[in-house]
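Colleague: Quick one: this structure, given as structure tokens, is what I'll be asking you about.
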């Protein structure tokens, strides 16, 4: 019945039916089937560009099964893709919930990095330096303060925006973490050249 409601785009009715069925489920397998349906429906909506519906399904999934790190990760990514006011903050919250729910924290952090770096690249392609910077900062401030690649990217962005002080600040952070990185060394040399001083 819920699947029929989704096929005719009556998402609210589908969610109502799923919540009822989930509460009446006799065992964990039935509950898992409902969670799988919610995740699949959320992913399908997101793949079609319907981020509102993706968030609706994935949020319900994350609410019903708070220990499902995949649902939280996908919900966070759906917020990133929707890109409305407050969505970056909501994405960070969902990503942190995924981290808390997972036994493999490093795997979650790697996925968060992939989502945030992809979104940063999307914004960079649109020449939106502000949102690009926010994605990298969200990652370094909330998930991994030891990522030289993120700091290098921030240094490059600051350099492109004509902010040599910011560029040097982030490039030095990258250098401390990875002093043999050729790209970091090259950017440090550019920033320390007389033309930028």
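Numbering (my numbering), first residue to last: 62 to 258. Ideal placement from N, C-alpha and C gives every residue a C-beta, glycine not left out.
#1: Run through the segment 149 to 235 for me and flag every whole beta strand (DSSP E) of 3 or more residues, listed as ranges in chain order.
#2: By the three-class DSSP mapping on this structure, what secondary structure does residue 138 have?
#3: Assess, as a yes-or-no matter, whether the segment 136 to 154 is touched by the segment 162 to 170 under the definition of 3 or more beta carbon pairs within less than 8 Å.
#4: Would you give the residue range spanned by the alpha helix (DSSP H) that residue 254 belongs to?
#5: Alpha carbon to alpha carbon, what distance is there between residue 118 and residue 6?
#6: Indicate the three-state DSSP secondary structure (helix, strand or coil) for residue 53 in the structure shown.
#7: At the level of alpha carbons, what is the spacing between residue 182 and residue 88?
#8: Leaving aside the five residues before and after residue 123 along the sequence, list all residues of the same chain whose C-beta is less than 6 Å from its C-beta, in chain order.
#9: Verify whether the separation of the beta carbon atoms of residue 218 and residue 252 is less than 7 Å.
#10: Once DSSP output is grouped into helix, strand and coil, what is the label at residue 81?
#11: Have a look at residue 249 and residue 235 and give me their C-alpha separation to the nearest angstrom.
#12: Just reading off the alpha helix (DSSP H) that residue 93 is part of, what are its end residues?
#13: Work out the CA separation of residue 142 and residue 77 for me, nearest whole Å.
#14: Near residue 199, what residues of its chain come up, given a Cβ to Cβ distance below 7 Å and the 5 sequence neighbours on each side ignored?
#15: With a Cβ-Cβ cutoff of 7 Å, do residue 232 and residue 216 count as a contact?
#16: How many Å lie between residue 188 and residue 222 at the Cα?
#17: Closer than 6 Å by C-beta to residue 194: which residues in its own chain qualify, once you throw out the five before and the five after it? Chain order, please.
#18: So, under 8 Å CB-CB, residue 98 and residue 116 are touching, yes? Tell me the CB distance rounded to an integer number of Å.
Modeller: With the structure as the only source:
#1: Complete beta strand (DSSP E) runs here, min 3: none at all.
#2: Assignment of residue 138 by DSSP, reduced to helix, strand and coil, places it in the helix class.
#3: Output reads no: the segment 136 to 154 does not touch the segment 162 to 170.
#4: Neither: residue 254 is in no alpha helix (DSSP H) and is coded neither H nor E.
#5: Nothing can be reported for residue 6: it is not among the residues displayed for the chain, which extend from 62 to 258.
#6: Because the chain here runs from 62 to 258, residue 53 falls outside it and cannot be looked at.
#7: The C-alpha of residue 182 lies about 43 Å from the C-alpha of residue 88.
#8: 132, 133, 136
#9: No.
#10: Looking at residue 81 - three-state DSSP - the assignment turns out to be helix.
#11: 10 Å
#12: 89 to 108
#13: 25 Å
#14: 149, 153, 177
#15: yes
#16: Cα to Cα, the separation comes out at about 11 Å.
#17: 218
#18: Residue 98 to residue 116, Cβ: 16 Å. No contact.
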